[in-house]
Every structure is written in structure tokens, then in C-alpha cells.
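Numbering (the working numbering), first residue to last: 285 to 427.
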């Protein structure tokens, strides 16, 4: 539950800083990754049904609030830039992508080191990944 509370608070604070829906989604994606980075213990168990009571009403409520906030952010992108965007698919994609960055950060760092490359900062990776996602969500050139 705390993980979702922190996530919701971070996403909301990030979204409040920008007006444009695309930039808002970018900041929400970064907030997701920053929350996971800053609260790694919460992040590592939040979706573990063997460790967390996913039937707990508070858990469900806060999870729904965090996810609904992401959906509202994507809905704003759709309203301004792509009215035919499937909000459900886009929401699942964004959530899964940011969670994937968190889960795979350590293994990807190991791969980078094996290749003699510098590890990628997770915040910068969140920005880059969200920009790529936006290229698929919003028709036309993204620049």
C-alpha cells in the first residue's frame, strides 16, 4: 500500500509541474522510476502476491488511484493529440515499461559493464523510453 501511496504522490507532483500532456506523461514516467529507485524495498514486493495481500481494500484502493492517475494522464494526451488512442492499451504499455525498467535496471547495468559501456541512469532511461512510447501514441513527428 505504501508503494502505491508514494507512487501516486510522486506522479501527481511531477504532473503538476507541466501543462502539456506529452510532457506531463514524460514526467509521470520519470516519477514512476524515481519512486522505485528511492523506495526499492517497496518496489520489489508491491506486485508479489506471495508477500503482499493483494485483496486488502487499502492496497486495491491505492493501486487503483495510482493507475487511474496514469490513465488520466494518457487520456489528456489522447484528447489533445490522438483521439483514437486506446487508453487501456496505452496505460498498460506505460505502466509495464516503467516497471520493466525498474526490474531490469541491475541486469542491464551488468550487460553494459560486460560490453565496456557506462551504465545508464534509470531516470534518463525513463525519459528516453517514454519519448519512444510517445512516438507510438501521438501521430506525426515528435522532435
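We treat Cβ as the ideally placed atom computed from N, Cα and C, and that holds for glycine. Note that the structure is predicted; figures quoted are calculated from it, not measured.
Inset, instruction - Would you check if there are 3 or more beta carbon pairs closer than 8 Å linking the region 370-381 to the region 318-326? - result: No: the two stretches stay apart, fewer than three of their Cβ pairs being nearer than 8 Å.
Legend entry - Heavy atom of the ligand GDP within 7 Å of residue 393 beta-carbon: This structure lacks the ligand GDP; in fact it carries no ligand of any kind.
Legend entry - Segment limits, alpha helix (DSSP H) that includes residue 374: 371-398
Inset, instruction - Take residue 292 and list the residues in its own chain whose beta-carbon comes closer than 7 Å to its own, dropping the five residues that flank it on each side. - result: 346, 349, 350, 353
Inset, instruction - Please confirm if the region 357-371 is in contact with the region 384-392, defined as three or more CB-CB distances below 8 Å between the two stretches. - result: no
Inset, instruction - Go through its chain and collect everything with a Cβ distance to residue 299's Cβ below 7 Å, but skip five positions before and after it. - result: 308, 311, 312, 357
Legend entry - Simplified DSSP state of residue 361, which is helix, strand or coil: helix
Legend entry - Option nearest residue 410 by Cα separation, candidates 341, 318, 336, 333: 318
Inset, instruction - Grab me the residues of residue 290's own chain with a C-beta within less than 7 Å of its C-beta, minus the 5 sequence neighbours each way, in chain order. - result: 319, 323, 326
Inset, instruction - Within 10 angstroms of the Cβ of residue 331, are there 16 or more other Cβ atoms? Answer buried if so, exposed if not. - result: Classification for residue 331: exposed.
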